[in-house]
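Residue numbering for the sequence shown follows UniProt numbering, beginning at 1 and increasing consecutively.
Report on one structure; see the data block that follows.
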Amino acid sequence: MLARSGAYQTVILQWDAVPVLDAGGLSALQRFIDALPPGKQLIVTDIPFQPLKTLARARIRPIDGRLAFYSTLPEALAARTAPGCDG
């Protein structure tokens with residue numbers, strides 16, 4: 001996914017169709033976050049209850065300028081275009 005994101009500074013994952021986040025998916029997400037190059041940000045939106053619970057149990061937290069979570073895709077897009085936003 002990093003290779004496909006090319007010159008984009010922000011990658012947005014909309015998880016509305018992700019019913020379950022298991023240990024393998026969590027591990028893959030953590031590796032992806034760790035592999036993000038400087039200046040690239042990951043935003044995750046529309047997280048259903050079970051994946052959200054898994055993220056909370058794993059203590060996955062927003063990382064300023066690197067990882068953000070939003071309730072909805074429109075909210076994430078609005079935050080990206082807000083004045084003073086680097087994304």
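Backbone N, C-alpha and C fix where the C-beta goes; we use that ideal spot for every residue, glycine too.
Three-way DSSP call (helix, strand, coil) for residue i in this model
{"i": "Gln9", "result": "coil"}
Residue i burial status per 10 Å Cβ neighbour count (16 or more: buried)
{"i": "Gln50", "result": "exposed"}
{"i": "Ile68", "result": "According to the sequence provided, residue 68 is Ala. The question's Ile does not apply to it. It is buried - the Cβ of Ala68 has at least 16 other Cβ atoms within 10 Å."}
Cut-off 7 Å between Cβ atoms - residues of its own chain near residue i, not counting five sequence neighbours on either side
{"i": "Tyr70", "result": "Ile43, Thr45, Ala76, Ala79"}
{"i": "Ala58", "result": "Leu26"}
{"i": "Thr72", "result": "Thr45, Asp46"}
Proximal residues to residue i (C-beta, below 6 Å), its chain only, five neighbours per side dropped
{"i": "Leu21", "result": "Pro51, Thr54"}
Sequence-distant residues of the same chain with beta carbon closer than 8 Å to residue i, five excluded per side
{"i": "Pro48", "result": "Trp15, Asp16, Val18, Pro19"}
Length-filtered (4 minimum) alpha helix (DSSP H) runs lying within the UniProt domain "STAS" (1-80):
2-5, 23-35, 49-57
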